[in-house]
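The numbers in the sequence shown follow our numbering, run straight up by one, and end at 1476.
Contents: one structure, followed by commentary.
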Amino acid sequence: MGIWMDHQDAHLIEWTTPPMETKKISSKFTYLAKHQSLNESERLMHNKEQHEQGDFYKHLGEEIKKHKEVVLFGPSDAKAELFNLLKADHGFSDIKFQIIPAGRMTDNQEHAFVREHFSKHIF
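Structure representation (structure tokens):
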């Protein structure tokens, strides 16, 4: 599976025969939630952000457990944060991960990236 991600969204793409489909998962910690929490207090905002980000990564981990090979790609440090969280959990020790920096992409570009990656790279 390939996962394009940033801190807000993740696009899960299974490497399958065409047509490839994208499942989208979003963090509940939106800009609006951040703005509202910040109005109450900065400490509250950081606590809420950490909780929501943890839920986002947990949800992604549940999807990742279904696969043997995963490439994480995207523009932010979120992919490395997720990987570091998962590698500390022995339930993910048999899954092969690769992390690749990438910019924003259209759905077609994401599909092409995943298709090319898995057709060229054998972990």
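Using N, Cα and C, we set each Cβ at its ideal position, and we do this for glycine too.
On a predicted model such as this, the values are computed, not experimentally measured, just so you know.
Range covered by the beta strand (DSSP E) that runs through residue i
i	result
H1364	1362–1366
G1355	1355–1358
Inter-residue spacing [alpha-carbon to alpha-carbon] between residue i and residue j
i	j	result
E1367	R1457	18 Å
G1427	M1373	18 Å
S1379	A1431	13 Å
L1435	H1470	20 Å
P1371	N1461	12 Å
Q1406	K1440	17 Å
D1359	H1464	17 Å
K1376	L1438	21 Å
Nearest residue (CA-CA) to residue i, options the options
i	options	result
F1466	V1423, Q1406, H1443, D1362	V1423
I1417	E1463, F1450, M1373	F1450
H1364	L1425, K1419, G1407	L1425
H1420	Q1361, G1444, D1430, S1379	G1444
A1433	R1468, A1455, H1464	A1455
S1446	K1381, G1414, M1358, T1375	G1414
Residues that DSSP places opposite residue i in a beta bridge
i	result
V1423	F1450
I1378	A1363
Cβ shell of residue i (< 6 Å), same chain only, five flanking positions each side left out
i	result
S1472	none
R1468	none
Same chain, Cβ closer than 7 Å to residue i, five either side skipped, listed in chain order
i	result
H1412	I1378
Limits of the unbroken alpha helix (DSSP H) element including residue i
i	result
S1499	Residue numbering for the chain in the displayed model covers 1354 to 1476; residue 1499 lies beyond these limits and cannot be assessed.
K1440	1431–1440
Nonlocal neighbours in the same chain, by C-beta distance under 8 Å from residue i, ignoring five residues either side
i	result
D1442	G1414
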